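As numbered in full-length UniProt numbering, residues 1 to 360 make up the sequence shown, in order. Here a beta-carbon is modelled for each residue, glycine too, at the ideal position from N, C-alpha and C. Treat the numbers as computed from the prediction; the structure is a model and nothing was measured. First up is the structure itself, then whatever we jot down about it.
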Amino acid sequence: MKDNWRLIVLPDLPPLDTQTIYHAIAKVKSKLNSPNTLILTWPKKPYVSIGIHQVRDLVVDIDKITEMSIPLIRRITGGGAVYLDQNQLFYQLVFDKNSYPFSVKELFEHFLQPVVSTYRYLGIPAKYQPLNDIVALNKKISGNGASAIESSTVLVGNFILDFPVKEMSRILEVPDEKFRDKIAKTLEERIGSIKYFLGYIPDKLDMIYNFKKEFEDILGINLEIGPLTELEKNEMQKLNQYCQTGEWMNYVERRHKDLISLKIKSGVRCFFKEVKTKGGLLSLYFQIENNKIVDIAITGDFFTKNPFNLSELEEALVGTELSHTLVKQKIESFYKIEENKIESLRAEELTKIILESVKE
1 MKDNWRLIVL
11 PDLPPLDTQT
21 IYHAIAKVKS
31 KLNSPNTLIL
41 TWPKKPYVSI
51 GIHQVRDLVV
61 DIDKITEMSI
71 PLIRRITGGG
81 AVYLDQNQLF
91 YQLVFDKNSY
101 PFSVKELFEH
111 FLQPVVSTYR
121 YLGIPAKYQP
131 LNDIVALNKK
141 ISGNGASAIE
151 SSTVLVGNFI
161 LDFPVKEMSR
171 ILEVPDEKFR
181 DKIAKTLEER
191 IGSIKYFLGY
201 IPDKLDMIYN
211 FKKEFEDILG
221 INLEIGPLTE
231 LEKNEMQKLN
241 QYCQTGEWMN
251 YVERRHKDLI
261 SLKIKSGVRC
271 FFKEVKTKGG
281 LLSLYFQIEN
291 NKIVDIAITG
301 DFFTKNPFNL
311 SELEEALVGT
321 ELSHTLVKQK
331 IESFYKIEEN
341 KIESLRAEEL
351 TKIILESVKE
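What follows is the structure, encoded as structure tokens:
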């Protein structure tokens with residue numbers, strides 16, 4: 001017997017709505033046990049989105065974004081900074097996490113099957129590439145993220161109809177302007193689109209029809225078209241207000257203001273370390289005093305199933321002596337809850353990264 005899910009199709013949404021809609025549905029679902037839902041949408045205007053664990057000023061060029069007159073939005077899922085526009089079709093899944101008790105990797109493997117199949121239906125040789133990408137001929141053609149919101153799980157991603165290389169290269173933070181051309185060239189080499197492979201952009205409604213069919217057939221789910229409820233609309237309004245506040249936009253920065261700006265007082269050593277892991281880029285900030293962690297910020301474009309819990313690990317590590325055993329104990333204790341884990345980064349690996357970082 002097939003599971004019944006609600007299908008919501010909302011074209012040309014305001015930029016912020018494309019990020020708060022799935023958050024609102026997840027929050028209401030956690031309270032009322034509303035149906036599992038697939039949302040299909042796209043923004044009516046371009047915007048820039050950064051991941052929940054990223055330090056805003058270090059990943060995007062605020063001056064350029066202001067000059068381009070486009071909004072900057074921090075989303076609730078992990079991943080990196082991206083330029084999003086009308087030439088992308090977003091799919092957003094909201095479902096009860098107890099119905100699909102998967103790890104982040106298993107979630108992507110399972111729910112990205114119909115995305116891969118839809119690309120292949122178009123004649124594009126797509127395949128899933130762990131952790132969260134879909135690629136064709138070594139070019140990334142879909143980026144995806146996942147997060148837990150109360151008792152719900154959300155998985156979000158996109159079909160890239162056409163990729164705005166110029167705009168994407170403009171919004172990223174670079175050490176010097178001469179790097180922009182290099183970034184653009186790298187993006188052209190690494191990112192693909194439906195237009196790149198087919199030479200044209202297919203109609204979005206045709207894409208939706210094909211994706212709906214693949215979603216139902218492959219996952220054994222029956223999609224029934226339905227509207228947003230009044231409760232969900234009200235929750236969206238609340239989230240739209242909150243997501244424009246400094247509290248949310250500075251979600252990482254406000255917890256570690258002095259640390260991230262690298263203000264140093266006497267006797268306190270500050271460290272910064274970036275490491276590329278299987279799960280994404282890990283950017284660590286430390287303050288060390290008397291061989292103990294005074295403050296630590298764990299940032300980057302990685303994924304955790306529950307991103308809001310990461311601050312608990314940071315707090316647990318404060319005051320910890322720089323000993324392999326003690327640091328690992330704190331991380332392992334945090335990792336006992338499955339959804340707390342940083343995807344594809346074991347406790348032993350994270351311990352080594354922390355200890356090796358403060359030696360440099």
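Rounded to the nearest angstrom, the gap between the Cα atoms of residue 161 and residue 89 is 7 Å.
In this structure residue 281 is not in contact with residue 298, their Cβ atoms being roughly 12 Å apart against a cut-off of 8 Å.
In this model, residue 164 and residue 304 are separated by some 28 Å (Cα to Cα). No Cβ-Cβ contact shorter than 8 Å links residue 279 with residue 331. DSSP, read as helix, strand or coil, puts residue 303 in coil. Under a 10 Å Cβ-count criterion, residue 19 is classified as buried, with 16 or more other Cβ atoms of the shown protein chains found around its own Cβ. When rounded, the separation of the alpha-carbon atoms in residue 68 and residue 223 is 39 Å.
The alpha-carbon separation between residue 6 and residue 195 amounts to approximately 30 Å. Nearest neighbour of residue 291 by Cα position, chosen from 300, 131 and 270, turns out to be 270. Here the region 317–324 makes contact with the region 340–359; the two share three or more CB pairs at distances below 8 Å. According to the DSSP assignment, residue 329 belongs to no beta strand (DSSP E) but to the alpha helix (DSSP H) extending over 324–335. Selection 250, 245 and 10 evaluated against residue 58 yields 250 as nearest (Cα-Cα).
At a Cβ-Cβ threshold of 8 Å, residue 274 and residue 283 count as neighbours.
A distance below 8 Å between beta-carbons, with the five flanking residues on each side excluded, links residue 2 to the following residues of its chain, in chain order: 216, 220, 221 and 222. A straight-line Cα-Cα distance of about 30 Å links residue 238 and residue 205.
Across the set 227, 198 and 169, the C-alpha of 169 shows the shortest separation from the C-alpha of residue 185. For residue 25, the enclosing alpha helix (DSSP H) starts and ends at 15–32.
Scanning 229, 177 and 225 for the CA closest to the CA of residue 8 turns up 225.
For residue 206, the enclosing alpha helix (DSSP H) covers residues 204–219. In the DSSP assignment, residue 52 forms no beta bridge with any residue. By alpha-carbon distance to residue 25, the top candidate from 74, 227 and 66 is 227. Membership of residue 136 in the beta strand (DSSP E) is indicated by the continuous run 133–136. Straight-line spacing of the CA atoms in residue 71 and residue 167 works out to 13 Å. Using a Cβ distance threshold of 8 Å, residue 172 and residue 61 count as a contacting pair. In this structure, the alpha-carbon of residue 65 lies about 13 Å from that of residue 84. Look at residue 272 here: in three-state DSSP terms it is strand. Residue 340 is classed as buried because its beta carbon has at least 16 other beta carbons within 10 Å across all chains shown. With a threshold of 16 other beta carbon atoms within 10 Å, residue 293 meets it and is buried. The residues 146, 303, 305 and 343, in chain order, have a CB closer than 6 Å to that of residue 104 in the same chain once the five nearest residues on each side in sequence are set aside. Each residue's CA atom was taken as its position, placing residue 41 and residue 144 some 15 Å apart. Taking the Cα positions, residue 94 is about 11 Å away from residue 28. Relative to the Cα of residue 115, the nearest Cα in the group 74, 38, 317 and 45 belongs to 38.
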